[in-house]
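Read through the structure below, which is laid out as structure tokens, and then see the notes.
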Amino acid sequence: MNIYEQIVAEICSAKHIVITSHKSPDGDSVGSSLGLLRFIEKLGRSAMVCHPDAAPDFLEWVGLAPIWLMTDQPEEVTAAFEKADLIFSLDYNATDRIGSDMQALLEAATCKKVMIDHHLHPQDFATLMVSETSSSSTAQLITELVVQSGNEAMLDEHIGTPLYLGILTDTGSFRFPAVQPRTHELLAKLLAAGVQHHLIHEVLNDNNTASRLRLQGYAMSEKLEILEDYHVALIPLTKEELAKYNYQKGDTDSLANLALSIKGMKVAVMLAERDGIVKMSFRSKGDENPVNTLAADHFSGGGHANAAGGMSNSSVEETLVKIKKVIPDYFEKE
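Residue numbers (the UniProt record's numbering): 1 to 334.
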């Protein structure tokens with residue numbers, strides 16, 4: 001029995017299943033959670049998806065109603081954890097990634113836990129663990145779960161759509177090095193199951209608000225700073241600037257990739273002051289320009305070699321100074 005068959009066996013014997021994912025949900029955490037939920041339901045079982053906080057508005061089309069939020073429904077989420085006999089940890093590799101409130105519930109739970117994730121250096125807290133750092137996304141691993149457990153015939157548009165969403169968004173529309181032949185093999189299975197891939201691209205890419213475009217325009221025209229010697233692009237945004245353009249969750253998500261698309265750029269960093277801290281997105285190109293070590297060493301972050309996150313308790317200006325100071329330690333001057 002392979003690991004995926006073991007996981008399905010646990011699903012089929014469980015009565016109270018909880019599916020969790022990390023704070024600040026993205027396409028992969030939402031897509032893998034909903035894809036797994038729908039697969040579990042097709043197996044004839046039920047589950048409850050519990051996330052720390054809300055997903056960005058631009059993901060509402062995929063169907064966020066089944067997701068319970070610790071920020072909005074703490075009593076229901078707490079009760080679900082206390083009753084659970086199987087908990088899934090999706091798209092995170094350490095318990096502190098789900099916020100302190102849910103972390104306490106997860107660590108207190110004595111039931112079986114299943115981690116399915118693709119990030120480096122997983123923490124040892126799960127009973128069963130699928131940790132594949134070579135995988136493009138957690139959604140790809142959930143697709144593997146369906147296929148390699150002998151349930152490929154269950155794949156349909158309902159299950160496949162959020163899984164396609166997760167793979168699409170976590171690979172930067174299939175541009176990142178983590179995309180492997182197996183990624184496309186599984187995508188082909190999702191398309192064969194009825195997933196309307198062109199509609200997913202449309203709903204993701206053609207939903208800009210005027211304020212989001214104005215914010216992005218302002219960021220690129222007024223805030224973009226390029227360190228020519230290191231081929232690094234920086235975009236710092238203060239809370240006042242975000243407020244001026246009516247910032248909504250998700251509005252800055254594409255800025256780091258946009259800066260990285262500038263000819264000659266090897267690294268891009270976006271800084272946004274929100275919720276009392278400076279949240280940071282790191283993006284890079286090539287094996288020779290990893291950004292996860294920089295994020296981990298100096299900004300309480302981490303992630304993948306070419307896509308990582310971090311944070312700073314200092315001001316935007318102070319954080320920017322710090323980034324400029326440490327960049328020579330990580331990237332070669334040309």
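Just so it is clear, CB atoms sit at the ideal spot from N, CA and C, and this is done for glycine as well.
Practice prompt. Count the C-beta pairs between the stretch 55-62 and the stretch 247-265 that are closer than 8 Å, then say yes if the count reaches three, no if not.
Written response: yes
Worksheet item: From Ile3, Leu141, Arg45 and Asp329, pick the residue whose C-alpha is nearest to that of Ser13; which is it?
Response: It is Arg45.
Fill in: Reduced DSSP secondary structure (H/G/I, E/B, other) of Ile142
helix
Worksheet item: Roughly how many whole angstroms lie between the Cα atoms of Ala210 and Asp85?
Response: Going by the C-alpha atoms only, they are around 46 Å apart.
Discussion item. In this structure, how does DSSP classify His51 when only helix, strand and coil are distinguished?
Written reply: strand
Fill in: Cβ shell of Glu225 (< 6 Å), same chain only, five flanking positions each side left out
Leu234
Worksheet item: Starting from Ile327 and walking both ways along the alpha helix (DSSP H), at which residues does that stretch end?
Response: Val316 to Tyr330
Worksheet entry | Chain-order list of residues whose beta-carbon lies under 6 Å from that of Pro52 (same chain, five-residue window excluded) | Lys23, Met70, Ile98, Gly99 and Met102
Practice prompt. With Met280 as the anchor, note down where its beta strand (DSSP E) starts and where it stops.
Written response: Ile277 to Ser284
Worksheet item: With burial defined as no fewer than 16 other Cβ atoms inside 10 Å of the residue's Cβ, what is the status of Glu76: buried or exposed?
Response: exposed
Worksheet item: Alpha carbon to alpha carbon, how far is Ile87 from Phe81?
Response: 8 Å
Fill in: Simplified DSSP assignment, three categories, for Lys112
Three-state DSSP puts Lys112 in a strand.
Worksheet item: To the nearest angstrom, how far is it from the Cα of Tyr245 to the Cα of Leu215?
Response: Rounded to whole angstroms, Tyr245 to Leu215 spans 6 Å at the Cα level.
Discussion item. For Met311, list the residues DSSP reports as bridge partners.
Written reply: Bridge partners of Met311: Lys279.
Fill in: Residue nearest to Ile229 in terms of C-alpha spacing, selected from Glu332, His119, Ala272 and Gly63
Per the sequence shown, residue 229 should be read as Asp rather than Ile. Minimum Cα distance to Asp229 is reached at Glu332.
Discussion item. So for Asp206, helix, strand or coil by DSSP?
Written reply: coil
Discussion item. Under 8 Å: do the stretch 190-204 and the stretch 295-303 share three or more Cβ pairs, one atom per stretch?
Written reply: no
Worksheet item: In whole angstroms, what is the alpha-carbon distance linking Ser281 and Leu237?
Response: 12 Å
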